[in-house]
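Just below is one structure, and these are the notes that go with it.
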Amino acid sequence: MAKIIGFGILGSGLVAPFHAKGVRDSQGGQLIAVCDMNRERADKMAGEFKVKAYYSLADMLQDSTIQVVNVALPNHLHRDAVLDCARAGRHVLTEKPPAMSLKDTDEMIAACKKAKVKFGCTVQCRVRKAIQAIKKAVDSGRFGKILHADAYMKWFRSSDYYKSDAWRMSRKSGAGVTIQHAFHYIDLLQYLVGPARRVQARMTNLAHPEVQLEDTVLSFVDFMCGAQGVVEASTALWPGTDIRIEINGVDGTAIMMGEKMTTWKFREEKPEDAEIRLYGSAAQATGAGGAADFGHADHKVVIQDMIDAINEDREVVIPVSSVRPTLEICLAMYQSSASKKAIDLPVQDDETAWEWKG
Ligand SMILES: NC(=O)c1ccc[n+]([C@@H]2O[C@H](COP(=O)([O-])OP(=O)(O)OC[C@H]3O[C@@H](n4cnc5c(N)ncnc54)[C@H](O)[C@@H]3O)[C@@H](O)[C@H]2O)c1
-6 MAKIIGFGIL GSGLVAPFHA KGVRDSQGGQ LIAVCDMNRE RADKMAGEFK
44 VKAYYSLADM LQDSTIQVVN VALPNHLHRD AVLDCARAGR HVLTEKPPAM
94 SLKDTDEMIA ACKKAKVKFG CTVQCRVRKA IQAIKKAVDS GRFGKILHAD
144 AYMKWFRSSD YYKSDAWRMS RKSGAGVTIQ HAFHYIDLLQ YLVGPARRVQ
194 ARMTNLAHPE VQLEDTVLSF VDFMCGAQGV VEASTALWPG TDIRIEINGV
244 DGTAIMMGEK MTTWKFREEK PEDAEIRLYG SAAQATGAGG AADFGHADHK
294 VVIQDMIDAI NEDREVVIPV SSVRPTLEIC LAMYQSSASK KAIDLPVQDD
344 ETAWEWKG
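Residue numbers (this note's numbering): -6 to 351.
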């Protein structure tokens, strides 16, 4: 009989309800508590989901009914929280990016390994049916040699979004379109076609002069597999349109818009292709126009996987180690934009690349 797994959510801000709903709708998961140092936020969310409220992680970690902590804090605060959870023997599901540096990411991975706890990341777009179909086709060689892997994210976020919290205005805290928003789609590219070899990027602020960060990134990426690609990502483009992931191989092309497969064409048609063309819904919002404008179905899949992984004593479907190459590509983009040069991977952490020169 599978055990019931208790969850505690750290951070009761924008993304926390997506985790809470994911646990609520899971099989075998139970939300025990939420936690926020802002008592009003913690109390409000605890009331909505009828669970306990804690106001510090240390207190929440005293609760022995919590086995998994979902870290939904601002990006620069993930590291310390994850290390505390690992020390307390709790499994961790962290929001993206796992951390702001490769050093911190490696430290977190090592701490979770030492504590023998699972360490997953909610780059939840990976679990979309369209992405899973593309991944399977890549792995089985159906595309033939892959020529292009591209991500287009033409979104809109208002000035009020950036001004809603100090961390959303500071690159060192993890704000900026590249690491905060495009991270998901850069992650999809490396998940689908493998790590990058060289990155060139230009970052600009097109429509948010009140904040010192990039709201737009244009980048060329060369992948180890030989493919080339572009990443075009922005939060300046009103009203915001669905993201596009495009994979082109010698033998086929796949395009996902939002979560919907819009193109699925191979030189050799297979019986399952007709069904794959129906994957995803064009009606499902995926974040283009507003920060909370998306569903919790993908979070639910990642949370369900954490429950199953604990019960089956196996690795989670999105271990943080598999997300490290995404962080590396993002860091290379920042370094390339700052230096105006192409950057070869692997990269080292470089604090100076967070400075915004406009
Ligand atoms: N996976 C997704 O699609 C997705 C979407 C949005 C945000 N995110 C990620 O989720 C994380 C949180 O983003 P958000 O938009 O919800 O931020 P937010 O600012 O809305 O919420 C963060 C909360 O953490 C609280 N907090 C800060 N420090 C704390 C501490 N030491 N102890 C307890 N509480 C503390 C704040 O009071 C705030 O309520 C970020 O990593 C972000 O990148 C992911």
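Backbone N, C-alpha and C fix where the C-beta goes; we use that ideal spot for every residue, glycine too.
What you are looking at is a predicted structure, and each value in this text was computed from that prediction instead of being measured.
* Any heavy atom of ligand 1 closer than 7 Å to the CB of Arg83? -> no
* Asked: What residues does ligand 1 have around it, judged by CB closer than 5 Å to any heavy atom, in chain order?
  -> Gly4, Gly6, Leu7, Val8, Asp29, Met30, Asn31, Arg34, Ala65, Leu66, Asn68, Glu88, Thr115, Asp158
* Asked: Taking only runs of the beta strand (DSSP E) that begin and end inside the segment 230 to 298, which ones reach a length of at least 3 residues, in chain order?
  -> 237 to 242, 245 to 250, 253 to 259
* Asked: Rounded C-beta distance between Glu207 and Val170? I'm assuming under 8 Å.
  -> 6 Å
* Met162 in three-state terms, based on DSSP -> helix
* Which residues bound the beta strand (DSSP E) around Met30? -> Here Met30 belongs to no beta strand (DSSP E), and DSSP marks it neither H nor E.
* According to the neighbour-count rule (16 or more other Cβ atoms, all chains shown, within 10 Å of its Cβ), is Leu54 buried or exposed? -> buried
* Look at the alpha carbon of Asp52 and the alpha carbon of Ala46, and state the distance between them as a whole number of angstroms. => 10 Å
* Asked: beta strand (DSSP E) containing Phe213: first to last residue?
  -> 209 to 216
* Just confirm the distance between the C-beta atoms of Leu211 and Ala194, as a whole number of angstroms; I'd bet it's less than 8 Å. => 7 Å
* Asked: According to DSSP, is Ala225 helix, strand or coil?
  -> Checking the displayed sequence, the identity of residue 225 turns out to be Glu instead of Ala. Glu225: strand per DSSP, three-state reduction.
* To do: Could you give the DSSP three-state label for Ala220: helix, strand or coil?
  => coil
* Whose C-alpha, out of Thr246, Leu66, Thr58, Lys334, is nearest the C-alpha of His141? -> Thr246
* In angstroms, rounded to a whole number, what distance separates the CA positions of Val27 and Gly(-1)? -> 11 Å
* **Counted within 10 angstroms of its Cβ, other Cβ atoms place Trp231 as buried (16 or more) or exposed** => exposed
* Beta-carbon gap between Ile296 and Ser5 smaller than 8 Å -> no
* Burial state of Val243, where buried means 16 or more other Cβ atoms lie within 10 Å -> exposed
* Asked: Name the DSSP beta bridge partners of Lys393, please?
  -> Examination of residue 393 is not possible in this model, given that the chain is present from -6 through 351 alone.
* How close, in whole Å, do the beta carbons of Cys105 and Ala65 come, if the pair is a contact with beta carbons under 8 Å? -> Actually they are not in contact, since the Cβ atoms of Cys105 and Ala65 sit about 17 Å apart, beyond 8 Å.
* Ordered along the chain, which non-local residues of its own chain (more than five positions away) have a Cβ less than 6 Å from that of Arg317? -> Thr98
* Measure the alpha-carbon distance for Asp132 versus Arg260 and round it to whole angstroms. => 17 Å
* To do: Would you mind working out which of His177, Tyr155, Ala331 sits nearest Lys350, comparing C-alpha positions?
  => Ala331
* Asked: Just the Cα atoms here: how many angstroms apart are Val310 and Ala81?
  -> 23 Å
* Between the C-alpha atoms of Arg205 and Gly21, what's the straight-line distance to the nearest angstrom? -> Position check: residue 205 holds Gln in this sequence, whereas Arg was assumed. One C-alpha to the other measures close to 44 Å.
* C-beta atoms of Ala346 and Arg191 nearer than 8 Å -> no
* Where Ile127 sits in the DSSP three-state scheme -> helix
* Could you pull out every residue in the same chain whose Cβ sits closer than 8 Å to the Cβ of Val110, ignoring the five residues on either side in sequence? => Cys78, Ala79, Gly82, Arg83, His84, Val85
* Hey, how far is the Cα of Lys165 from the Cα of Asp343? -> 11 Å
* **Span separating the alpha-carbon of Val313 from that of Pro90** => 9 Å
* **Selection from Ala189, Thr58, Ala13 that minimises the alpha carbon distance to Gly40** => Ala13
* Asked: Ends of the alpha helix (DSSP H) at Tyr47?
  -> Where Tyr47 is concerned, there is no enclosing alpha helix (DSSP H), although the beta strand (DSSP E) it sits in stretches over 45 to 47.
* **Whole-angstrom C-beta distance between Ala144 and Ile238, which should lie under 8 Å** => 6 Å
* Identify every residue that forms a DSSP beta bridge with Gln193. => Phe213
* **Where His12 falls: helix, strand or coil (DSSP)** => helix
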